[in-house]
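In terms of our numbering, the sequence shown is residues 14 to 499.
Read the structure below first, then the notes.
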Amino acid sequence: MSVDESIRSASPGLEEAAEPGMDKTALIRILIVVSGMFMIGLDFFGVNVAIPSLRSDLDASSASIEFIVSGFNLAYAASMVTAGRLGDLYGRRRMFALGMAFFTLASLAAGLAPTPGVLIVARVVQGIGAAVMTPQMLAILNTAFTGVQRVRAFTAFALSMGLSATFGQLIGGALIYLDIAGIGWRTIFLINVPIGAVSLLLMRKYIPESHGTGRTGLDLIGAVLGSCGLLAIVLSLVEGREQGWPAWSWVVLVASVPLLAAFAWRQNRLERNDRAPLISLSLFKERAFSVGILIILGFFAAMASFMFVLALYLQDGHGVSPLHSGLIFGALGIGYVPAAFAAPRIAARMGKQVLTLGALVVAAGYGLMIAATSVIGVTGPSPWVMPGLCVAGIGMALFANPVTPTVLAGVKPDHAAAAAGVLSTAQEGGNALGVAAIGVVFFGVLGHGARGAYADAFGWSVAVLAAFTVVVALLVQALPKPAPQN
Numbered sequence: 014m015s016v017d018e019s020i021r022s023a024s025p026g027l028e029e030a031a032e033p034g035m036d037k038t039a040l041i042r043i044l045i046v047v048s049g050m051f052m053i054g055l056d057f058f059g060v061n062v063a064i065p066s067l068r069s070d071l072d073a074s075s076a077s078i079e080f081i082v083s084g085f086n087l088a089y090a091a092s093m094v095t096a097g098r099l100g101d102l103y104g105r106r107r108m109f110a111l112g113m114a115f116f117t118l119a120s121l122a123a124g125l126a127p128t129p130g131v132l133i134v135a136r137v138v139q140g141i142g143a144a145v146m147t148p149q150m151l152a153i154l155n156t157a158f159t160g161v162q163r164v165r166a167f168t169a170f171a172l173s174m175g176l177s178a179t180f181g182q183l184i185g186g187a188l189i190y191l192d193i194a195g196i197g198w199r200t201i202f203l204i205n206v207p208i209g210a211v212s213l214l215l216m217r218k219y220i221p222e223s224h225g226t227g228r229t230g231l232d233l234i235g236a237v238l239g240s241c242g243l244l245a246i247v248l249s250l251v252e253g254r255e256q257g258w259p260a261w262s263w264v265v266l267v268a269s270v271p272l273l274a275a276f277a278w279r280q281n282r283l284e285r286n287d288r289a290p291l292i293s294l295s296l297f298k299e300r301a302f303s304v305g306i307l308i309i310l311g312f313f314a315a316m317a318s319f320m321f322v323l324a325l326y327l328q329d330g331h332g333v334s335p336l337h338s339g340l341i342f343g344a345l346g347i348g349y350v351p352a353a354f355a356a357p358r359i360a361a362r363m364g365k366q367v368l369t370l371g372a373l374v375v376a377a378g379y380g381l382m383i384a385a386t387s388v389i390g391v392t393g394p395s396p397w398v399m400p401g402l403c404v405a406g407i408g409m410a411l412f413a414n415p416v417t418p419t420v421l422a423g424v425k426p427d428h429a430a431a432a433a434g435v436l437s438t439a440q441e442g443g444n445a446l447g448v449a450a451i452g453v454v455f456f457g458v459l460g461h462g463a464r465g466a467y468a469d470a471f472g473w474s475v476a477v478l479a480a481f482t483v484v485v486a487l488l489v490q491a492l493p494k495p496a497p498q499n
């Protein structure tokens, strides 16, 4: 199936979403899965508005702040593919429940963390729990639903991702402003505890168990190689910048190349010997899948990095409150929500070029924000960035909605969780690498942290991200052309 066909095939079902047929069990099943995705997104994006508060409360350095953000993403990305195989082997519902339990307990630990080190460890465990959950959620939706219901389920999942991204900062800012029980930023993590507990109670009754029927076994050596390769990149970028780029940081960065090469070689060898690789490299023979992974990696690296630097610019540069910052971030949702509902019809008309349109609209939104901050600096009215945010939100919706069916088109059900793991690894790996890399640009321009330099640091960082997003739009052109139609 071509990319354009896979996108168009989803659209008719979306138009039929108003038809009856979704019973109570199906709705609760979707709600449980969506709640898991929303918890992950809320914690990832909500923590951005908490950065100044937790830095002051815990006396955290800029390197600690980057690890609090990227540590979650790194653990998420490094554990994702392994978690996908675990779902195939031991059951997707079982691993979904295990991941939910890990994430919920780690959220409790993060909410009670007395030091930056404890919070970083809790965030890493959160990332592992999120990694165990995510491929199971996608595989559960793929195997528990068919036809129109499957389309509805994936639409709800994509919408929960978008809403958690666009409103996560607003919810986080509101929670900090309310200062429930005097604990401030900690409520961003503690709110997950009751949500996770209720989901775990409902899961056994409403989520059916499923397994992959392919090869068995788990490649622990490959998991270590892949994880160490990603860790080497993030560690060198974050700690290297903080310590003035000592020699060891360059050695570690270079070491990531043979580590990742060894990981790829081992996966290829296991597959050729008919054993069970973490990633079936044959997946990448489908051009839509392999190019789509690069597109997802690049787009979400830029998106996560943008959220990070905007939060720093607004709160540290402008000095606005977390609630004020969250309200400004809410402009993303103003653009995202209506565009998300329009995206299926646009995708049906444009095919893969809807991804091009989405990426270019995001880049245009970034450009508007660069123009606004060049005028207002750190003393002008901060809401001037909101029109650009609204435009960027429209582009994010146009990109995020069709990209999942595009990349997962044609993947065998036996490899559903593993393929979903690769997709999510690309997204979360992009998040981790993007935040680490943009930190080099942002803090490099910022220098010693003079307040006026925040506008320049934000402007240069977003210019880099806009250029990167344009490259993503160009990559979309490498996706397969639509097959001839009768």
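Ideal Cβ positions, reconstructed from N, Cα and C, are used throughout, including at glycine.
If residue i and residue j are in contact, beta carbons under 8 Å, what's the gap, nearest whole angstrom?
{"i": "Phe-57", "j": "Phe-85", "result": "6 Å"}
{"i": "Gln-328", "j": "Ser-338", "result": "5 Å"}
{"i": "Ala-385", "j": "Trp-397", "result": "4 Å"}
{"i": "Ala-315", "j": "Phe-481", "result": "5 Å"}
{"i": "Gly-112", "j": "Ala-76", "result": "Not really, about 28 Å apart at Cβ, beyond 8 Å."}
{"i": "Ser-240", "j": "Ser-249", "result": "Not really, about 15 Å apart at Cβ, beyond 8 Å."}
{"i": "Ala-157", "j": "Arg-300", "result": "Actually they are not in contact, since the Cβ atoms of Ala-157 and Arg-300 sit about 29 Å apart, beyond 8 Å."}
{"i": "Val-485", "j": "Gly-348", "result": "18 Å between Cβ atoms; not a contact."}
{"i": "Leu-243", "j": "Ala-90", "result": "6 Å"}
{"i": "Ala-466", "j": "Ile-383", "result": "The pair is not a contact, with the Cβ atoms about 15 Å apart (cut-off 8 Å)."}
{"i": "Val-220", "j": "Arg-106", "result": "Note on residue identity: the sequence assigns Ile, not Val, to residue 220. Right, the Cβ-Cβ distance comes to about 5 Å (below 8 Å), so this counts as a contact."}
{"i": "Ala-413", "j": "Gly-175", "result": "6 Å"}
{"i": "Ala-110", "j": "Met-216", "result": "5 Å"}
{"i": "Ala-275", "j": "Leu-238", "result": "5 Å"}
{"i": "Gly-100", "j": "Pro-148", "result": "6 Å"}
If we ignore side chains and look at the alpha-carbon of each, how far apart do residue i and residue j end up?
{"i": "Gln-162", "j": "Gly-332", "result": "46 Å"}
{"i": "Glu-79", "j": "Val-453", "result": "11 Å"}
{"i": "Ser-19", "j": "Arg-362", "result": "Reliability of the predicted coordinates at Ser-19 is poor, the pLDDT of 44 falling under 50, and no value is obtained from them."}
{"i": "Leu-214", "j": "Ala-187", "result": "28 Å"}
{"i": "Val-206", "j": "Asp-70", "result": "22 Å"}
{"i": "Ser-83", "j": "Val-247", "result": "8 Å"}
{"i": "Val-134", "j": "Leu-203", "result": "16 Å"}
{"i": "Arg-98", "j": "Gln-280", "result": "13 Å"}
{"i": "Gly-256", "j": "Ser-74", "result": "At residue 256 the sequence reads Gln, which differs from the Gly that was named. Roughly 12 Å between the two C-alpha positions."}
{"i": "Ala-470", "j": "Phe-455", "result": "5 Å"}
{"i": "Gly-346", "j": "Ser-387", "result": "24 Å"}
{"i": "Asp-72", "j": "Gly-447", "result": "24 Å"}
{"i": "Asp-17", "j": "Gly-343", "result": "Residue confidence is low: Asp-17 scores 46 on pLDDT, short of 50, so the model does not pin down where it sits. Its coordinate-derived value is still stated next. Straight-line Cα distance between these residues: approximately 32 Å."}
{"i": "Ser-48", "j": "Gly-406", "result": "22 Å"}
{"i": "Pro-65", "j": "Ala-377", "result": "28 Å"}
{"i": "Tyr-103", "j": "Ala-245", "result": "30 Å"}
{"i": "Ala-479", "j": "Val-375", "result": "8 Å"}
{"i": "Thr-159", "j": "Leu-492", "result": "26 Å"}
{"i": "Leu-55", "j": "Ile-208", "result": "12 Å"}
Which two residues bound the contiguous alpha helix (DSSP H) that contains residue i?
{"i": "Val-47", "result": "37-71"}
{"i": "Ile-347", "result": "335-363"}
{"i": "Arg-107", "result": "105-124"}
{"i": "Gln-280", "result": "260-285"}
{"i": "Tyr-467", "result": "466-489"}
{"i": "Ile-383", "result": "366-389"}
{"i": "Gly-142", "result": "129-157"}
{"i": "Phe-321", "result": "300-325"}
Only counting the same chain, and skipping five residues up and downstream in sequence, which positions put a Cβ closer than 6 Å to that of residue i?
{"i": "Phe-51", "result": "Ser-173 and Ser-177"}
{"i": "Ser-474", "result": "Val-322, Ile-451, Val-454 and Phe-455"}
{"i": "Leu-373", "result": "Ala-486"}
{"i": "Asn-499", "result": "Summary for Asn-499: the model assigns pLDDT 36, below 50, so the residue's position carries little reliability; its value from the coordinates is reported in the next sentence. The answer is none, since no qualifying residue turns up."}
{"i": "Ala-30", "result": "Residue confidence is low: Ala-30 scores 39 on pLDDT, short of 50, so the model does not pin down where it sits. No coordinate-derived value is stated."}
{"i": "Leu-459", "result": "Ala-466 and Ala-470"}
{"i": "Gly-124", "result": "Arg-199, Phe-202 and Leu-203"}
{"i": "His-224", "result": "Gly-104"}
{"i": "Ile-234", "result": "none"}
{"i": "Ile-193", "result": "Thr-200"}
Taking 8 Å as the limit between beta carbons, can you name the residues of its chain near residue i, skipping five residues before and five after?
{"i": "Phe-500", "result": "Given a span of 14 to 499 for the chain in the structure shown, any question on residue 500 remains unanswerable."}
{"i": "Leu-370", "result": "Ile-359, Met-363, Gly-408 and Leu-411"}
Between residue i and the rest of its own chain, which residues show a CB-CB distance below 7 Å, the 5 nearest in sequence each way excluded?
{"i": "Ile-141", "result": "Ala-88, Ser-92 and Phe-115"}
{"i": "Ala-63", "result": "Gly-185, Ile-189, Trp-198, Ile-201 and Pro-335"}
{"i": "Asn-444", "result": "Asn-86, Phe-313, Ala-314 and Ala-317"}
{"i": "Val-251", "result": "Ala-76, Glu-79, Phe-80, Ser-83, Ala-449 and Gly-452"}
Is the shortest distance between the beta-carbon of residue i and the beta-carbons of chain B less than 8 Å?
{"i": "Ser-474", "result": "Reference to chain B is not applicable here, since this structure consists of a single protein chain."}
At which residue ranges does the segment 179-212 contain complete alpha helix (DSSP H) runs of 4 or more residues, listed in the order of the chain? 200-203
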